[in-house]
Structures are given as C-alpha cells and as structure tokens.
Amino acid sequence: MDHPIIVVSPWLMLPFAALLAAIATMPFIAGDWWHKHYKWVAIVLGAGVAGWYFAGLQAQHRVWETLHEYVGFFAIMLALYTVSGGIHITIKGRSTPNENLAFLIAGAVIANLVGTTGASMLLIRPYLRNNRYRVSAYHVVFFILIVSNVGGALTPIGDPPLFLGYLRGIPFFWITEHSVLPWLVAVVLLLGIFYWIDRRNFRRMPERLQHQVIAEGEKTIITGGHNVVWLAVVIGAVFIQNPPFLREGVMLAAAAACYFTTKREIYLSNKFTFGPVQEVGYLFIGIFLTMMPALDWLAANARTIGADSPQTLYWATGILSAVLDNAPTYLTFLAASMGAAGMGIGNRADVLSFLGTHEAQVVAISVAAVFFGAMTYIGNGPNFMVKSIAQHSGVQMPGFFGYIGKFTLPILVPILLIVWILFFL
C-alpha cells in the first residue's frame, strides 16, 4: 500500500549521521568500549527516531513498514548464514592466481542463483581456507566487490533491490536482458585488476611456498551436503508474498532444522559462531530506523534535485545506496521517476508501461543500486558479514575509511565511471 509522502526536517537525519560516524570511527577511537556497547548505541539512536515518528509525526505506519523490511532482511541473513555454516567445503587445491580467478568467476555466477548473501556465506570460508598460505585483505575485499555485490546484478534473486522490483511487476528476466552488458564490463574489469594484484602477491612469496602451493593436488570435499535442501527452501521462500511473515517464518524454520540436524563437527570445522550475524543484526536495526528520515526527505525532494534522467539517477541512486540500504533507495528513486511521468509504483500496469517508455532510467537505478552497494561495509548486508568472518579467521581487514580509501575509491569508482560513460551518459 502506498502512503502519502512524509515531510521531515533535515535535522532528523542527525541520528543516522551519528550512527554512521560511530561505525566508521569508534573501533579506532575506543575499540573495547565500542565492542561492548555498539548494540546499545544502535538501539538507542534507532528508538529515538522511531519514537519521533510515532509521537511527533504521527507516522506509525512508516515505522511498522520499516520493521517489517528489517525482519525480512535479518531473516534471510540469519537463515543463509546458518544453513551455509552447515555446509563444509574443503578445497585441497592451489591458491594460485588462476585458481582464485576461477573461484571468483564462479562466485559471480552463483550470486545470481542463490543471492549475494547466499553466495557470500557459502563461499567465503572455503575461499579463506584455500588461500591460507597468503591470504590478505585484498583477497577479501575483491570477494566483497565481486561475489557480495556486483556479481548479483543479473536476476531478482541476486540482490534485494532487484527482488523488490520483481515484486512490483518488473518481469523476472527483464533485468537479465538489460543489465548483462554493464554486469559483464564491471565483473571483467574487477577480475582483471584482482588477477594483476594476485599475480604480484604470489610472485613475492618465498619460492618454497610457491612450489608448495603449486604442488598441492586438487580435490574438493563437501560435508553437510544434505543442507543444500534447506538452502533451496530458504531461496524458494523468497517468492512467498502472503500472508505477512510467512516467508520469514519458513526461512527461520529451515535454518533451525538445519542447525539442529547437522553434526556439530561440521559447524566446528567452519569455526561457526553467531557473532558476525549478531553484529549485523544490531547495527542494521539502528541503520534501518535512523535512515527513515533520509529516505523520506529524498522521496519528497527527488524531483526537485533533478533525479529524472539516467545520468543523474545512476549517481544519485548509487551514492545513496553506498550509505543507505540499497533496497529502499532503489524503490525511492523508482517511485520518484515513475511519479514524474505521472505513473504509480503501486500499479503493476504502470510499472510495465514505464519499462517500455523509460527503460534506461530503470536500468540505471537497478545497476547503480547493486554496484554501489560495494562502496562501503554498510552498503549491502553481506559486506559486513564477510568482513566479520574474515576477521574471526585472523585476516587484518581495513576499517571503514580504510576500505573506502584503499580499495573502493581507487578501484571501484573508476569502474563505476566507465560503466556510466558506456551505458548511461
């Protein structure tokens, strides 16, 4: 159901800015304190904004809608995290640049079949184990860029924004047909840069370790393979639309069934704990609630700021998807674009008509929402989880600003610029 636009003061966006600033700086300023109290910071800031929506704006429906979206977000995160943790993949092979390249190519394809979250949770642990001799932060960052984000741009299952578009009436394979070239350009460029860096890293290894890696026989062993059935249940539940919360209930039931029927040895082999998903859960409830004013202000002002052309929509959707959840950002700009054309996003006939007359705008919004989600750790849910899993495995990951300064600005942004020039300028 579509509700009237909520007019909010820009000052109400301060809690969101404060939470982002805390996530970015507190691990360095007061790491021990932040690790103990981050959940309360997120909850208090989120509750404060929600309280104002209830008491000050009389917009209770907005809070309930946001909480519903959060439950859906967290349910699929928890379910995929739990089920993938019950599948142990041992790759006794070569972590050479060629094998790593093949692994990331497979991950980019798989992301469209089981979603970026599913692919990330299923593949990150064997990827880290396979690179145990020389794993570095760049291995994890390129995994985030390719598998956790850009790779999932081809199907509605791939990334949450595209699934929301599918629920609104965009045909399932429409996005595949119209995004394949931008996807191919971005993935190939990212893989090429990764391969160049990985070859240099490999050549700097002592010759003894190089020979050890090359001499290893290739063998893949999968235990807990029966949990693929539960993984299929979770993915299938994505398509359940009614009644409310049935989709989330099925996902969580599948996760519980997997967890209690899987041998403990498999979870121990994966060094499985609920720590990473707990951190994501607390931080993102704060993010979902505090970003409501930012999204509502954007919805009220999108046309005023000129977000009505593919060129503008690509950057506007993308930049905000980097710091806001990319799913509601996608819907906000799609709704604003359709509104400018005199159409409503709640009308499926209007959606199909808009696709026929404003194809480039929808593609720009879709591609940007997925690609720019890789810009920060909070741009897309799997990013934070992959980072947390890598850190639990002993990888020294860059902080919030380090990730942006060392990787996304010099590597991802030029690729995003190339995609813009080739397809949306």
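Residue numbers (numbering that gives the first Met the number 0): 0 to 424. Ideal Cβ positions, reconstructed from N, Cα and C, are used throughout, including at glycine.
Return helix, strand or coil for Leu416, following the three-state DSSP convention.
Numbered from 1 along the sequence shown, position 417 holds the residue referred to as residue 416. Looking at Leu416 - three-state DSSP - the assignment turns out to be helix.
Measuring straight from C-alpha to C-alpha, what distance separates Glu68 and Cys257?
On the sequence shown, residue 68 is found 69 positions in, with the first residue counted as 1. On the sequence shown, residue 257 is found 258 positions in, with the first residue counted as 1. A straight line joining the alpha-carbon of Glu68 with that of Cys257 spans about 24 angstroms.
If the criterion is Cβ atoms closer than 8 angstroms, does the pair Gly85 and Gly285 meet it?
Taking the sequence shown and counting its residues from 1, one reaches residue 85 at position 86. Taking the sequence shown and counting its residues from 1, one reaches residue 285 at position 286. No.
For Val7 and Val48, I'd like the C-alpha separation in whole angstroms.
In the sequence shown, residue 7 corresponds to position 8, counting from 1. In the sequence shown, residue 48 corresponds to position 49, counting from 1. So the alpha carbons of these two residues sit roughly 11 angstroms apart.
Among Ser365, Leu408, Val366, whose alpha-carbon lies nearest the alpha-carbon of Thr375?
In the sequence shown, counting from the first residue as 1, residue 375 sits at position 376. From the listed residues Ser365, Leu408, Val366, the smallest Cα separation to Thr375 is found for Leu408.
Which residues bound the alpha helix (DSSP H) around Arg61?
Looking up residue 61 in the sequence shown gives position 62. Taken as a continuous stretch (DSSP letters only), the alpha helix (DSSP H) holding Arg61 covers 59-84.
Per DSSP, which one or two residues make a beta bridge with His225?
Locating residue 225 in the sequence shown gives position 226, where the first residue counts as 1. Residue pairing by DSSP leaves His225 without any beta bridge partner.
Assuming contact is defined by CB atoms lying nearer than 8 angstroms, are Leu100 and Leu411 in contact in what I supplied?
Here the question's residue 100 lines up with position 101 in the sequence shown. Here the question's residue 411 lines up with position 412 in the sequence shown. Going by C-beta atoms, Leu100 is not nearer than 8 angstroms to Leu411.
Among the candidates Gly235, Trp296, Thr356, whose CA atom is the shortest distance from the CA of Ser308?
Position 309 of the sequence shown holds residue 308. Looking at the Cα atoms, Thr356 is the closest of the given residues.
Identify every residue that forms a DSSP beta bridge with Ile88.
Translated into positions along the sequence shown, residue 88 becomes position 89. DSSP lists Ile221 as partners of Ile88.
Does DSSP put His357 in a helix, a strand or coil?
In the sequence shown, counting from the first residue as 1, residue 357 sits at position 358. Correct three-state label for His357: coil.
Return the CA-CA distance between Leu79 and Gly117, expressed in angstroms with no decimal places.
Against the sequence shown, residue 79 aligns to sequence position 80. Against the sequence shown, residue 117 aligns to sequence position 118. The straight-line gap from Cα to Cα measures roughly 6 angstroms.
If contact is defined by three or more beta carbon pairs under 8 angstroms, each pair taking one atom from either stretch, is the segment 97-113 in contact with the segment 139-155?
The segment 139-155 makes contact with the segment 97-113, as at least three CB pairs between them are under 8 angstroms.
Rounded straight-line distance, which links the Cα of Tyr52 to that of Gln277
As a first step, residue 277 is located in the sequence shown; it is residue number 278 there, counting from the start. As a first step, residue 52 is located in the sequence shown; it is residue number 53 there, counting from the start. The straight-line gap from Cα to Cα measures roughly 26 angstroms.
Pick out whichever of Ile364, Leu351, Asp349, Ser336 has its Cα sitting closest to the Cα of Ser320.
For the purposes of this step, residue 320 is identified with residue 321 of the sequence shown, where counting begins at 1. For Ser320, the nearest C-alpha among the options comes from Ile364.
Specify, as a first and last residue, the run of the alpha helix (DSSP H) that Gln310 falls within.
Residue 310 sits at position 311 when you count from the first residue of the sequence shown. Gln310 -> alpha helix (DSSP H) spans 309-322.
Pop quiz: Ser336 and Gln360 are said to be a contact at Cβ under 8 angstroms. What is the actual Cβ separation, rounded to whole angstroms?
Walking along the sequence shown from the start, residue 336 turns up at place 337. Walking along the sequence shown from the start, residue 360 turns up at place 361. Rounded, the Cβ-Cβ distance is 5 angstroms, consistent with contact.
Could you tell me which of Gly50, Asp31, Leu66, Arg124 sits nearest to Val394, measuring between CA atoms?
Looking up residue 394 in the sequence shown gives position 395. When Gly50, Asp31, Leu66, Arg124 are compared, the shortest CA-CA separation from Val394 is found for Arg124.
Confirm, please, whether the CB-CB distance from Gly114 to Gly151 is below 8 angstroms.
In the sequence shown, residue 151 corresponds to position 152, counting from 1. In the sequence shown, residue 114 corresponds to position 115, counting from 1. A contact, by the Cβ cut-off of 8 angstroms.
Identify whether Asp349 lies in helix, strand or coil by the three-state DSSP scheme.
Here the question's residue 349 lines up with position 350 in the sequence shown. Here Asp349 sits in helix by DSSP.
Secondary structure of Met342, DSSP reduced to three states
Along the sequence shown, one-based indexing puts residue 342 at 343. Coil at Met342, not helix or strand.
Per DSSP, what kind of secondary structure is Val394 in: helix, strand or coil?
Reading the sequence shown from its first residue, position 395 is the one you call residue 394. Here Val394 sits in coil by DSSP.
8 angstroms Cβ cutoff met for Gly380 and Phe283
Sequence index remark: in the sequence shown, residue 380 carries index 381 (1-based). Sequence index remark: in the sequence shown, residue 283 carries index 284 (1-based). The criterion of a C-beta distance shorter than 8 angstroms is satisfied by Gly380 and Phe283.
Starting from Asp158, trace the alpha helix (DSSP H) in both directions and tell me its first and last residue.
The count along the sequence shown starts at 1 and reaches residue 158 at position 159. Under the DSSP assignment, Asp158 falls outside any alpha helix (DSSP H); it carries neither an H nor an E label.
Please report the straight-line C-alpha distance between Ala368 and Trp314, rounded to a whole angstrom.
Taking the first residue of the sequence shown as position 1, residue 368 is located at position 369. Taking the first residue of the sequence shown as position 1, residue 314 is located at position 315. Ala368 and Trp314: Cα-Cα distance of roughly 9 angstroms.
Is the segment 286-293 touching the segment 234-254, taking contact as three or more C-beta pairs under 8 angstroms?
Judged by Cβ distances under 8 angstroms, the segment 286-293 makes no contact with the segment 234-254, as fewer than three pairs qualify.
Taking only the alpha-carbon atoms, compute the straight-line gap between Thr272 and Trp10 and give it to the nearest angstrom.
Position 273 of the sequence shown holds residue 272. Position 11 of the sequence shown holds residue 10. C-alpha separation (whole angstroms): 39 angstroms.
For Leu416, which option in Leu188, Val140, Leu166 has the closest C-alpha, if you only look at C-alpha atoms?
Numbered from its first residue, the sequence shown carries residue 416 at position 417. Relative to Leu416, the option among Leu188, Val140, Leu166 whose CA is nearest is Leu188.
Excluding the five sequence neighbours on either side, which residues of its own chain have a C-beta within less than 6 angstroms of the C-beta of Pro160, listed in chain order?
Residue numbering aside, residue 160 sits at position 161 when the sequence shown is read from its first letter. Result list for Pro160: Asn325, Ala326, Tyr329, Ala368, in chain order.
To the nearest angstrom, how far is it from the Cα of Arg167 to the Cα of Trp296?
Translated into the one-based positions of the sequence shown, residue 167 becomes position 168. Translated into the one-based positions of the sequence shown, residue 296 becomes position 297. Each residue's Cα considered, the two are about 22 angstroms apart.
Unbroken alpha helix (DSSP H) run spanning Lys35, endpoints:
Taking the sequence shown and counting its residues from 1, the one referred to as residue 35 is at position 36. In the DSSP annotation of this structure, the continuous segment of the alpha helix (DSSP H) that includes Lys35 starts and ends at 30-54.
Bounding residues of the alpha helix (DSSP H) (the contiguous stretch that carries Thr116):
As a working mapping, residue 116 is identified with position 117 in the sequence shown. First-last of the alpha helix (DSSP H) with Thr116: 96-129.
Extent of the continuous alpha helix (DSSP H) to which Gln277 belongs
For the purposes of this step, residue 277 is taken as residue 278 along the sequence shown, with counting starting at 1. Gln277 -> alpha helix (DSSP H) spans 274-289.
Cβ pair Phe406, Val140 closer than 8 angstroms
Locating residue 406 in the sequence shown gives position 407, counting from the first residue. Locating residue 140 in the sequence shown gives position 141, counting from the first residue. With contacts defined as CB atoms closer than 8 angstroms, Phe406 and Val140 qualify as a contacting pair.
Compute the distance between the beta-carbons of Thr331 and Leu294, then report whether it is under 8 angstroms.
Along the sequence shown, one-based indexing puts residue 331 at 332. Along the sequence shown, one-based indexing puts residue 294 at 295. Contact: yes.
The alpha helix (DSSP H) spanning Pro243 covers which residue range?
Counting from one through the sequence shown, the residue named residue 243 turns up at place 244. Per DSSP, Pro243 belongs to no alpha helix (DSSP H) and is neither H nor E.
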